[in-house]
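**Q**
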Amino acid sequence: MPLLNVLDVTELRNAAALNWSAIDVSIFGTLFERGLDPAKRSQLGAHYTDPATIMRIIEPVLQRPLLQIWELLAQELIGLLAKSKAKNDKNYKLAQAKFSDWLEQLKSYRVLDPACGSGNFLFLGLKTLKDIEHKSHLDAAAMGLDRQADLVTGPHNMLGIELNEYAAELARVTVWIGELQWRLSHGYEFKKNPVL
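FYI, numbering that gives the first Met the number 0 numbers position 130 of the sequence shown as 129, with every residue one higher than the one before it.
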């Protein structure tokens, strides 16, 4: 590994002084790929996949099916709540229990990337899952159901397999930065434990 000179240290100091809170996490994939020896890059199959290509998998496999399940459940909840006469009657409690069961399904849902690289697929999977949960909470609140104080989806929903230790760590960082950015942009507090 080459030693840093004065100019390198100055550049690092300048970079550290910048506000990185809105960084596009997909840049990590590009940085990782460019940091590899070109001969090893093709040998490892390490190639950056752009978000549009990733969404061509996530949309039909994750987003569309889960939204369809939610839409069907939402119609069922609306029907139960239409029969409800008071907030704690049988129909209301059943609707609330069904909504809680849905949240448990989301909490236990797992997205697996068997060659996760820098984690872009996992990041977009997490964002999609969190968007679906957020929509569910907003819809349920509009129906008159109680929402939970916090979201149940998070980095625990993402599973990745990666042989390269550096890439695996980069994937963890990508997912956590994505989690923190999503929470910030949607008005949720940061979870304090663990962060990175």
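Using N, Cα and C, we set each Cβ at its ideal position, and we do this for glycine too. Every value quoted in this text rests on a predicted model; they were computed, and no experiment measured them.
1. In angstroms with no decimal places, state the Cα-to-Cα distance between Glu164 and Ala114.
2. Report the residue from Leu65, Ile160, Gln95 whose alpha carbon sits nearest the alpha carbon of Asp112.
3. Our contact map puts Ile131 next to Leu65 with C-beta atoms below 8 Å; I'd like the distance itself, whole angstroms only.
4. Going by alpha carbons, who is nearest to Trp19 out of Glu188, Gly186, Tyr187, Thr173?
5. Please report the residue range of the beta strand (DSSP E) in which Gly159 lies.
6. Over the uninterrupted alpha helix (DSSP H) stretch that includes Asp112, give me the two end residues.
7. Per the contact definition of three or more C-beta pairs closer than 8 Å, is the segment 135-144 in contact with the segment 90-98?
8. Taking the alpha helix (DSSP H) that Val8 falls in, what are its first and last residues?
9. Measuring only from the beta carbon, is Ile77 closer than 8 Å to any heavy atom that is part of the ligand GDP?
10. Where Pro59 and Gly124 are concerned, what is the direct C-alpha to C-alpha distance, given to the nearest angstrom?
11. Alpha carbon to alpha carbon, what distance is there between Gly177 and Asp49?
12. DSSP three-state call for Ile176: helix, strand or coil?
13. Can at least three beta-carbon pairs, one atom from the segment 67-79 and one from the segment 97-105, be found at a separation below 8 Å?
14. Helix, strand or coil for Ile57, going by three-state DSSP, please let me know.
15. Is the beta carbon of Ile22 closer than 9 Å to that of Asn119?
**A** Taking the geometry as given:
1. In the sequence shown, the residue the question calls residue 164 occupies position 165. In the sequence shown, the residue the question calls residue 114 occupies position 115. When rounded, the distance between both Cα atoms is 12 Å.
2. Position 113 of the sequence shown holds residue 112. Comparing Cα positions, the closest option is Ile160.
3. As a working note, residue 131 is residue 132 in the sequence shown. As a working note, residue 65 is residue 66 in the sequence shown. That pair is a contact at about 5 Å.
4. For the purposes of this step, residue 19 is taken as residue 20 along the sequence shown, with counting starting at 1. Cα-wise, what sits closest to Trp19 is Thr173.
5. The residue you call residue 159 lines up with position 160 of the sequence shown. Its beta strand (DSSP E) spans residues 157-159.
6. Residue 112 sits at position 113 when you count from the first residue of the sequence shown. Note, Asp112: premise wrong, no alpha helix (DSSP H); beta strand (DSSP E) at 110-112.
7. yes
8. For the purposes of this step, residue 8 is identified with residue 9 of the sequence shown, where counting begins at 1. From DSSP, the alpha helix (DSSP H) with Val8 extends over 5-16.
9. Judged by which ligands are present, the structure shown has none, so any question about the ligand GDP falls away.
10. Counted from its first residue, the sequence shown places residue 59 at position 60. Counted from its first residue, the sequence shown places residue 124 at position 125. Each residue's alpha carbon lies about 12 Å from the other.
11. As a position in the sequence shown, residue 49 is number 50, starting the count at 1. As a position in the sequence shown, residue 177 is number 178, starting the count at 1. Each residue's alpha carbon lies about 16 Å from the other.
12. Here residue 176 refers to the residue found at position 177 of the sequence shown. Helix at Ile176.
13. yes
14. Counting from one through the sequence shown, the residue named residue 57 turns up at place 58. Ile57 falls in the helix class under three-state DSSP.
15. Within the sequence shown, the letter at position 120 stands for residue 119. Within the sequence shown, the letter at position 23 stands for residue 22. In this structure, Ile22 does not lie closer than 9 Å to Asn119 by Cβ.
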